[in-house]
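Let me begin by presenting the structure, written as C-alpha cells, before commenting on it.
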Amino acid sequence: MIFPPSTTRRSPSFRLFQDYKDDNNGGTEDEDNFFYDDFDFVIGEGNDQNSKDSLVPTTPLAINTFADGSKILQDRMTQLAETEQAAQQQIADNWKEGYWNVWGCSLDPFVIIEGNEESEEHTAKTVVTCLRLASTVENEEEEESTVLVVGRSDGSLVWLKMDTSISPSLSSYDTAKMTQGRSTVTYFENKLTAKATQDGGMTVGAELQRSGSSFNDSQDEESSPPPPFDILAQLTTGSKDSIIDMLVLPESDMLWTIKQDTPHIIQTWRLLCDKDTGFLLPASKTQTSKNLNVIHSSPIVSMKQIPGHNNLVLSISEDGQAVVWMVDTSNECVSVRFEGNLFDGLGDGEAFYSGDVVLSMDVDEELLFVGARSGGIFVYSLSSILHEMQDSTRGHLLVKQFVGFSNRHPGVSALCIASPGTLVQKDDQGRINAGRPPTKTLIAGNVLGELKQWELIPTRNGNGLEYWPRMASQKLPGKAHVFDTNESTMSAHAQSMAIRQVLVIQNVILAATDCDLRFWDPATGKGLYDMQGLDFAAGCVVTHPSLVVAKDSVLVTNGMDQYVCVHDFSMERITSENAHDMIQKDDHE
C-alpha cells in the first residue's frame with residue numbers, strides 16, 4: 001500500500017497521525033488525538049475527492065471514526081481479492097470451455113527477391129514460422145506489454161511489442177465474443193527506408209512499418225483504439241531461408257537461431273537493453289551472427305535452456321548427439337560443457353538400439369527426456385550429464401527407458417513435463433508422505449496423433465525412476481492415461497496427424513499437429529474443442545506449430561500465413577446475470 005506524501009509530517013517513521021504544537025500556550029496535544037484519513041483513495045470516501053493534498057486532521061471527537069475507516073478498508077481489500085479470484089477462475093473456465101477473443105497483426109506477406117543474370121526480380125510469399133517470448137524489463141509504463149521475437153520464412157527476425165493490458169475490442173457489448181470475439185488487426189507493410197551502413201554510407205532497403213489501415217472496418221480511424229502492436233526492431237539473417245527454431249537467453253543478452261538451410265548449425269545474435277523501452281533488442285540493425293562450433297552432424301531437434309542454470313543450454317540432434325553449451329556472459333564466449341551421443345552404450349540386446357532417431361526432447365531441473373522414432377522414451381540424469389568426464393560410453397547416464405507407443409508408427413513426436421504428480425503423496429494411514437520425493441507428470445504425443453500421460457516416481461534411494469501406468473488398462477488417480485484420440489476426434493488432415501507440440505495451461509492440455517490445435521481434459525482424456533482456422537503447414541514452406549503463452553491468459557500462435565494470432569482467454573462472458581450491466585457500460589462508452 002502506498003500512501004500520499006504529506007509535507008507536514010515531521011517524524012521520519014511511518015505514522016497515521018501527526019503531532020501539533022499550540023502556538024498560544026506552547027503545549028503539545030496528545031499525538032493520539034489527531035490522525036489522517038489517508039485511505040480515501042482506497043475506500044472511496046473523503047471530504048475532497050479532487051484534491052490529493054487535502055489531508056485535514058480530524059478533531060478528537062472524530063477519533064472513533066478510525067475504526068470505521070479501518071473496517072471499510074478491510075472490506076475493500078477483501079472485495080478486491082475476491083474480484084481477482086473470480087477473474088482468475090473465469091480465465092480457467094474459459095480455457096476449459098473454449099471462450100476467447102481473437103486479434104493479431106499482419107506482417108507484409110510479400111518480399112521482393114532481387115534478380116540476377118539467370119532470373120528476374122520477383123516477389124515471394126512470407127509466413128510466420130517461429131515465435132518466442134522475449135525478456136521484458138519491469139517498469140510502470142511497460143508492465144502490461146509483452147515482446148515477441150517473430151521468425152519468418154524469409155529469414156528475417158522481428159521484435160514485436162504486444163499490449164496485453166486491455167482488450168482492443170471496439171465494443172464491450174459484442175455477442176460475437178461468445179465464441180471467438182473481436183477481429184482487430186494491425187497491419188504492417190514493407191516500405192522503402194534509408195539505412196546506415198557500417199562504413200558510414202547509406203543504402204535503401206525495405207522495412208516493416210505500420211499501415212494506415214490498422215483498425216476495424218466497422219469504425220472510423222479516429223474512434224478506433226490505439227493498435228496493440230508495435231515493431232521495436234528488425235533483422236535480416238543473410239540467406240532467405242526459414243527460421244525454424246529460436247532460443248532467447250535474457251541473462252546472457254543473446255538470441256540463438258536455427259535456419260532451414262543449415263539445421264545442424266546454431267547462430268547467435270547479440271542483444272542490448274534498449275534505453276527507451278527497457279527491452280532486449282538487437283545491438284545494431286547491421287550486425288551479423290556468429291556460428292557456434294559445428295558439433296551436430298544431423299538436424300537439431302531442439303535447444304532449451306536448462307532450468308536453474310541460466311548459463312547452460314542443451315541441444316540434441318536426430319542422431320542422439322547431445323551438447324551442453326556454457327555461456328560466459330562476461331566475454332560473450334560460448335564453450336562446450338558436455339558432448340556425446342546419448343544412444344551410445346545401449347547394446348543391440350536392449351529394447352532400443354544406437355541406430356534410433358530422436359524426434360522430441362524436454363528438460364527440467366533434474367532430468368532430460370528424449371522421445372525416439374522407435375516409440376521409446378529415454379530419461380537421463382541431468383546431474384550426471386553435467387558432471388560427465390571423458391567417458392567413451394554414455395549408458396550409465398540413462399535413468400529409465402520404456403515403450404511409450406507400440407503401434408505401426410510409434411514415433412514419440414512431442415514431450416512435455418507438466419505439473420507435479422499426485423502419486424505417493426500420502427501413506428497407508430492417509431498422512432502426507434513427506435519422506436518421498438515428489439512425482440512428475442510426463443505427457444507424450446506420437447506421429448499418429450495419439451496422446452498419453454504418465455507419472456514418474458523416484459525410487460527411495462533416489463538413484464532410479466519408475467513410471468505408472470505400465471499398461472493401457474491401468475489407471476491414474478484423477479487423471480487419464482490414454483487419451484481418446486479415435487477417428488472421430490482426430491484431425492481431418494490424415495497426412496499430418498503427428499503431434500508437434502504439447503502445452504499445459506490452466507489444467508488444460510494443448511496438442512498441436514501441423515494442421516490442427518486441439519484442447520484436452522487431462523482428467524477424463526476427452527477432447528474439449530478444436531481451435532478452427534489454423535494451418536501450420538503453410539503450403540510449400542516447411543513450418544511447424546509455434547505456441548507461446550503470456551500471462552496464463554493469452555495464447556499466441558502462427559498458423560495463419562503472415563499473421564501473428566493472439567487468442568485472449570481473459571474475456572468476460574455475456575450471461576443473463578451481467579447482460580444488463582454490459583449494455584449500460586457500452587452506452588457510457
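Numbering (full-length UniProt numbering), first residue to last: 1 to 589. Quick reminder that beta carbons are idealized off the backbone N, C-alpha and C, glycines included. Given the structure is predicted, the values throughout are model-derived calculations rather than measurements.
Query, Result
"Would DSSP call A134 helix, strand or coil?", "coil"
"Keeping to the same chain, check which residues put their C-beta closer than 7 Å to that of A523; ignore five residues upstream and five downstream.", "G478, K479 and A480"
"May I ask you to report which of helix, strand or coil DSSP gives residue 647?", "A question about residue 647 goes unanswered here, because the residues of the chain that appear run from 1 up to 589."
"Out of I377, Q305 and L397, state which residue places its alpha-carbon closest to the alpha-carbon of D344.", "L397"
"Assuming S553 is part of the beta strand (DSSP E), what are its boundary residues?", "Where S553 is concerned, there is no enclosing beta strand (DSSP E), given that its DSSP letter is neither H nor E."
"What residue from I417, V336, S406 and Y467 has the CA that sits closest to V399's CA?", "Y467"
"Which residue's Cα is closest to the Cα of I295: S384, W325 and N311?", "W325"
"Using the Cα positions of D552 and L510, report the straight-line distance between them to the nearest angstrom.", "13 Å"
"Considering only residues of the segment 297-348, which uninterrupted beta strand (DSSP E) runs meet the minimum length of 3 residues and lie entirely inside it, listed in chain order?", "300-305, 312-317, 321-328 and 333-341"
"Please state the DSSP three-state secondary structure of S546.", "coil"
"Using only CA atoms, which one of A512, C130 and L465 lies nearest to I258?", "C130"
"Should L547 and Q501 be called a contact, given that it needs their Cβ atoms to be closer than 8 Å?", "yes"
"Just the C-alpha distance for E189 and S106, rounded to the nearest angstrom, thanks.", "8 Å"
"In terms of residue numbering, what span does the alpha helix (DSSP H) encompassing I385 cover?", "L382 to L386"
"Leaving out the 5 sequence neighbours to the left and right, which residues in its chain are closer than 6 Å to F41 when beta-carbon positions are compared?", "Since pLDDT at F41 reaches only 45, below the 50 mark, its modelled position is unreliable, and the value read off the structure follows with that caveat. Nothing meets the Cβ criterion."
"Would I231 pass as a contact of L157 if the rule is Cβ separation under 8 Å?", "no"
"Could you spell out the range, first to last residue, of the beta strand (DSSP E) harbouring K400?", "L398 to V403"
"Assuming V128 contacts N558 (C-beta within less than 8 Å), just tell me the rounded distance between them.", "4 Å"
"For S297 and F338, what's the separation of their Cα atoms in angstroms?", "16 Å"
"Does the beta-carbon of C333 have 16 or more other beta-carbons within 10 angstroms, so that it is buried, or is it exposed?", "exposed"
"Which residues in the same chain as I443 place their Cβ atom closer than 6 Å to its Cβ, once the five residues preceding and following it in sequence are excluded?", "C416, A418, Q453 and V502"
"Figure out for me which residue from R373, D362, L249 and T277 has the closest Cα to the Cα of D356.", "R373"
"Among the candidates K475, T439, L451 and P469, whose CA atom is the shortest distance from the CA of T459?", "T439"
"If you follow the beta strand (DSSP E) that T422 is part of, which residue opens it and which one closes it?", "No beta strand (DSSP E) holds T422; DSSP gives it neither H nor E."
"Rounded to a whole number of angstroms, what is the C-alpha to C-alpha distance between D568 and G340?", "42 Å"
"What is the residue span of the beta strand (DSSP E) that residue 635 lies within?", "This structure cannot settle anything about residue 635, because the visible part of the chain is limited to 1 through 589."
"In the structure shown, what three-state DSSP assignment does E189 receive?", "strand"
"Helix or strand or just coil, what does DSSP make of L80?", "helix"
"Measuring alpha carbon to alpha carbon, tell me which residue in I499, D108 and L292 is nearest R210.", "D108"
"Taking C-alpha atoms, which residue in V412, A322 and V379 lies nearest to N463?", "V379"
"Under 6 Å Cβ to Cβ from G308, same chain only, skipping five residues before and after it: list those, please.", "E365"
"Can you have a look at T441 and say buried or exposed, based on whether 16 or more other CB atoms are within 10 angstroms of its CB?", "buried"
"Mind checking who M162 pairs with in its DSSP beta bridge?", "T146 and F229"
"Strictly by DSSP, which residues pair up with A512?", "Q501 and L517"
"Can you tell me whether I295 is helix, strand or coil according to DSSP?", "coil"
"To the nearest angstrom, report how far apart P469 and A537 are at their CA atoms.", "34 Å"
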